[in-house]
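The sequence shown runs 105 to 213 under the working numbering.
Each residue gets a CB set at the ideal place from its N, CA and C atoms; glycine is no exception.
Below: the structure, in structure tokens.
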Amino acid sequence: MGLPGPGLWLKRFWVLLQVVVHVAVGKVCLILFPERVKQHILAMNQKNPHFSYDNWAPTFYSMQYFWFVLKVRWQRLEDRTEPGGLAPNCPVVQLSGQRCNIWDFMHGE
Numbered sequence: 105m106g107l108p109g110p111g112l113w114l115k116r117f118w119v120l121l122q123v124v125v126h127v128a129v130g131k132v133c134l135i136l137f138p139e140r141v142k143q144h145i146l147a148m149n150q151k152n153p154h155f156s157y158d159n160w161a162p163t164f165y166s167m168q169y170f171w172f173v174l175k176v177r178w179q180r181l182e183d184r185t186e187p188g189g190l191a192p193n194c195p196v197v198q199l200s201g202q203r204c205n206i207w208d209f210m211h212g213e
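So this is what it looks like as structure tokens:
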């Protein structure tokens, strides 16, 4: 495996810009319109009875949130499949906490 091609680097840069803008706009809205953002976040999570705004709100639009979203979006860029081909061998975490890939998990390795 060598270095990723220039197309992947360009896509990564584009995703970086998107995430930066998303977090910046979210942070500005959180400062200017805190009640409206609270209503919006609670409306998105009405289906989850265990969601507590007081526990989760500080994490939205933080640096931790930024790095998590960026990592997930970058990983999705590299996960590709073609019709009739194999699916990506994505990493998973077992209930015991052990990390492995889907292929290894399915075959009990």
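{"Query": "Among ALA161, HIS154, ALA128, nearest to HIS144 - alpha-carbon criterion", "Result": "ALA161"}
{"Query": "Alpha carbon of LYS142 to alpha carbon of ARG177, nearest angstrom", "Result": "25 Å"}
{"Query": "Through-space distance from ASP208 to SER166, alpha-carbon basis", "Result": "34 Å"}
{"Query": "C-beta contact flag for LEU174 and LEU114 at 9 Å", "Result": "no"}
{"Query": "Three-state secondary structure (DSSP) of PRO195", "Result": "strand"}
{"Query": "Neighbourhood of LEU146 by C-beta distance below 7 Å, restricted to the same chain and skipping five residues each side", "Result": "TYR157"}
{"Query": "CA nearest to the CA of GLN179, picked from ARG116, PHE164, PRO110", "Result": "ARG116"}
{"Query": "Extent of the continuous alpha helix (DSSP H) to which ASN205 belongs", "Result": "Looking at the DSSP string, ASN205 is not in any alpha helix (DSSP H); the run it does join, the beta strand (DSSP E), is 203-205."}
{"Query": "Assigned secondary structure, TYR157 (DSSP; H/G/I helix, E/B strand, else coil)", "Result": "helix"}
{"Query": "Collapsed DSSP secondary structure at GLN179 in the structure displayed", "Result": "helix"}
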